[in-house]
Amino acid sequence: MSDAEFVSRHLHPGDDLSSFSSDQPSLDEWLRQSAHHAESIRSGRTWVWTQDGSVVAYFTLAGHVIERHDLPQRIGRGSPDRIPAVLIARLALHRDLHGQGLGGALLADASRRIIVAAEIVAARFVVVDVTGDEAASFYTHYGYRPIPGTRRLVRKVSDLAHDFRSA
Ligand SMILES: CC(C)(COP(=O)(O)OP(=O)(O)OC[C@H]1O[C@@H](n2cnc3c(N)ncnc32)[C@H](O)[C@@H]1OP(=O)(O)O)[C@@H](O)C(=O)NCCC(=O)NCCS
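Counting the sequence shown from 1 gives a position; this note's numbering is that position plus 68.
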């Protein structure tokens, strides 16, 4: 299965979210119960993948600020005290699609949108807060660096942009 089979677009008010199941109930419930509200108050922008009209994946992006003193010195070096960033607030794929590299394609889709946004509003890092070790392995696999002692991982937007230029 390839990601070309999916349509990537902004969440629509009429989207049927009832059958979405990622194996992480909190992420499924958030999509059903809170994604539209987050859109309406502009606290999170949600993008979905659809297949035959059904939502099979989503991610939610939001502006964020990192305090430099919360980063290891080697990562925060050269940054202002308060660092503009983009938060991947949620990211999940339907359980039937796991383990085929599609999570990586979904993350690449999020990255592309972040790079476009960062051409207009500056952001130095992408940030993600994970709940479990499996999600941390997933992000590490795609170049994110864990912040020791936290559930947070970060990656420079310039590194994402470099990946796309070299692809
Ligand atoms: C996280 C998620 C998007 C990964 O999707 P996926 O399509 O299964 O991931 P990929 O096939 O692209 O995985 C790429 C790499 O990530 C890592 N990875 C992915 N899922 C993993 C898991 N369950 N355990 C450990 N490592 C994992 C592996 O290193 C894998 O490399 P490999 O192919 O060499 O084994 C998907 O499992 C999911 O939606 N999970 C539920 C929601 C969630 O946990 N979201 C993340 C928190 S925001």
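Think of the CB as a built atom: it goes at the ideal place given N, C-alpha and C, for glycine as much as any other residue.
TODO: Please confirm whether any heavy atom of ligand 1 lies closer than 7 Å to the CB of Leu99.
DONE: For Leu99, the Cβ stays outside the 7 Å cut-off from all heavy atoms of ligand 1.
Open item on the list: Just to confirm before moving on: does the CB-CB distance between Ser147 and Arg158 stay below 8 Å?
Closed with: No.
- [ ] Evaluate the contact criterion for the stretch 214-227 versus the stretch 190-203: three or more CB pairs, one atom per stretch, below 8 Å.
- [x] Contact holds: three or more Cβ-Cβ distances are below 8 Å.
- [ ] Express the C-alpha separation of Leu170 and Phe88 in angstroms, rounding to a whole number.
- [x] Rounded to the nearest angstrom, the two C-alpha atoms are 16 Å apart.
Task: Where Ile109 falls: helix, strand or coil (DSSP) - done: The answer is coil: DSSP assigns Ile109 none of H, G, I, E or B.
- [ ] Look up Arg142 in the DSSP assignment and say whether it is helix, strand or coil.
- [x] Helix at Arg142.
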